[in-house]
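Heads up: the sequence shown is residues 1318 to 1725, going by the working numbering.
For reference, the structure discussed in these notes is given below.
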Amino acid sequence: MVGSSKHVEFMILRDVCLREYEKEHFMRSPKVQRAYIGRRHDMCFACGRNPASQMIDLNEVHVSSQLTSLVSVSVCNTCRNMYPSLTRVRLVRVRVIRKRFSGESYEEILHPTNVRYLKVKSSDDWEFAFPSAMALLWNLQVLTFGLKYGVPKAVLPPEIFDMPQLRHLIAPRKSVVLPDQTGTQGSISMANLQTLFHITNFRCTEEIIKRMPNLKELKVSYYGGTGSIEQSHYCLYNLARLRKLESLFVGGNGLLSLENLRFPTSLKELRLYGCSIPWEKVMIVGSLLPNLKVLSLSKNMYKGQEWNQVEGEFPRLKVLTIFDCYLAWWRAENVHFPNLESLFLSFMWKLEEIPSVIGDIPTLRSIHLESCNNSLVNSAIQILEEQQSYGNESLQLYVDEKQVVCAS
């Protein structure tokens, strides 16, 4: 009866809204619209279904300068009746699909438009490059890539830095390369840019960093040949200039050294994958990042087998993750992680035990172990039993995603 009553109230409210909509002549449009450029598509671009439909033309998407400036898309009769102003609204999403042998180029697609969201999907197996005409997408705010698995990379032109409205550039891991130089409009600031995800071999030159003063999230990966990767070549020391950066991921293949690298003090999340740095330098990093709450250290990346935490601390760290690192001995005090809430250890075959004082951290709520040796698991169980003997019932232990319950 309660569910039925709520349904009746919902329908009454809906009827009231529809009456007000018709009375005030509000314009209604779907939140997301999809136009598939490069091949015929019969699905309704507003709701995604495929009932009886008819074609309409959208005046605000320019596809080619040769024959027409319209994109013809399908819209079902239901959506056409629901959205009478559909032909006059701004298109929110355009998906560009390029077939390998279609003969269609990106130059024929990218022309001035009011598109705010662009998702590029490629079915090709080889590297492809965007044209300089990308800068004509003046109102573009979100650029995402749906690349086929195994595609080497997408190369963006220098004009990518001449797009002041761009807020988010998101791509699959290791798939996008930004140019070393900025575009032709040297004075343009990308002050709206907040997210750069999965950029390969990104050179953080002073000129480029100045263009993105409000960047909040950055994911970069560095891959070279058989020699070491010098952070100076990629100007990584300029990362400290990103004073509003909150989340940073730096990945490598074990050849990138981050020793003596300074990070922005604004960081709240730091994830390092496949990099090289001595364990004793890790605590120095923590002392220089007073706002850090999440730290992830992954893939056998640290020099030496011993982490002896003598000086420094992570004053606000809440989540610590150590994944597949060649660490055998870990010595620490509870004062080094005064606010730690969760500890994650995965594929730590060499590590013999968790420092027992970790259990004395008053904020600690959970320890998670995955694919670790028996000695490490036993040390975690011992910490749990000890805390329960002190009356601490809030600490939980998970081994391979299963909660461990100690016998009372």
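Built from N, CA and C at the ideal position, the CB exists for glycine as well.
Minimum C-alpha distance to residue i - residue among the options
i	options	result
V1636	N1608, H1653, L1660 and L1614	L1660
C1642	L1562, V1611, P1595 and A1697	P1595
F1631	L1614, E1623, N1625 and L1605	L1605
N1656	A1645, S1683 and L1693	S1683
G1587	R1633, P1496 and V1674	According to the sequence shown, residue 1587 is Leu rather than Gly. When only C-alpha atoms are compared, the closest one is R1633.
K1436	T1461, S1593, T1512 and V1325	T1461
V1647	I1671, C1521 and F1640	Per the sequence shown, the amino acid found at residue 1647 is Trp instead of Val. Taking only the C-alpha atoms, the option nearest W1647 is I1671.
L1714	G1676, G1708 and Y1707	G1676
E1669	H1653, N1394 and N1695	N1695
K1561	P1489, N1531, C1689 and E1650	N1531
H1485	M1451, E1326, R1433 and A1471	R1433
E1658	P1489, L1712 and Y1707	L1712
Span separating the alpha-carbon of residue i from that of residue j
i	j	result
R1664	N1691	As written in the sequence, residue 1664 is Phe, which differs from the Arg given in the question. Each residue's alpha carbon lies about 12 Å from the other.
L1330	E1337	11 Å
K1527	S1506	8 Å
D1717	S1615	18 Å
N1625	P1607	20 Å
L1799	L1483	Only positions 1318 to 1725 of the chain appear in the structure, and residue 1799 is not among them; the question remains open.
S1449	L1510	19 Å
T1522	G1463	28 Å
K1719	H1685	9 Å
R1520	D1479	17 Å
P1581	C1334	49 Å
E1563	H1515	16 Å
Q1704	E1710	8 Å
E1421	N1518	Bear in mind that a pLDDT of 46 at E1421, under 50, signals an unreliable position, so the model cannot answer this.
C1689	C1723	19 Å
L1565	N1651	26 Å
V1721	E1576	38 Å
I1639	Y1554	25 Å
K1585	V1599	16 Å
L1693	S1706	20 Å
Y1551	L1609	24 Å
L1454	S1613	37 Å
Q1622	F1447	45 Å
N1394	Y1539	50 Å
Q1699	G1708	14 Å
P1489	V1325	45 Å
S1492	A1471	6 Å
V1328	K1533	Strictly speaking, residue 1328 in this sequence is Met, with Val absent from that position. So the alpha carbons of these two residues sit roughly 42 Å apart.
D1374	M1451	At D1374 the pLDDT is 45, less than 50, meaning the model places this residue with poor confidence and gives no usable figure here.
L1654	L1681	First, the residue type needs correcting, since residue 1654 is Phe and not Leu in the sequence shown. About 10 Å.
L1457	D1332	36 Å
P1679	E1597	25 Å
C1396	I1601	59 Å
L1473	N1398	41 Å
Residue i and residue j closer than 9 Å at C-beta
i	j	result
N1570	G1603	no
E1687	L1662	yes
A1733	M1529	Summary: the structure shown does not reach residue 1733, with the chain confined to residues 1318 through 1725, and so no result is reported for it.
L1513	V1537	yes
V1567	L1589	yes
V1459	I1477	no
L1573	G1591	yes
P1475	P1496	yes
Q1498	E1524	yes
A1645	K1667	yes
A1649	V1674	yes
L1559	S1583	yes
Three-state secondary structure (DSSP) of residue i
i	result
S1696	helix
L1495	coil
K1436	strand
P1607	coil
E1718	coil
F1654	coil
I1671	coil
F1592	A quick correction: the sequence has Cys, not Phe, at residue 1592. Correct three-state label for C1592: strand.
N1690	coil
Q1626	coil
K1598	helix
F1631	coil
E1586	strand
E1377	Model confidence at E1377 stands at a pLDDT of 38, short of 50, so the residue's coordinates are unreliable; what they give is reported in the following sentence. In the structure shown, E1377 sits in coil (DSSP, three-state: anything other than H, G, I, E or B).
L1330	helix
Any chain D beta carbon closer than 9 Å to residue i
i	result
L1578	Among the protein chains of the structure shown there is no chain D, as only one such chain exists.
Practice item. Starting from the N-terminal side, write out each stretch of the beta strand (DSSP E) that is 3 residues or longer and does not extend beyond the segment 1510 to 1581. Key: Taking 3 residues as the shortest admissible run, the segment 1510 to 1581 contains the following complete beta strand (DSSP E) segments, listed from N- to C-terminal end: 1512 to 1517, 1534 to 1539 and 1564 to 1574.
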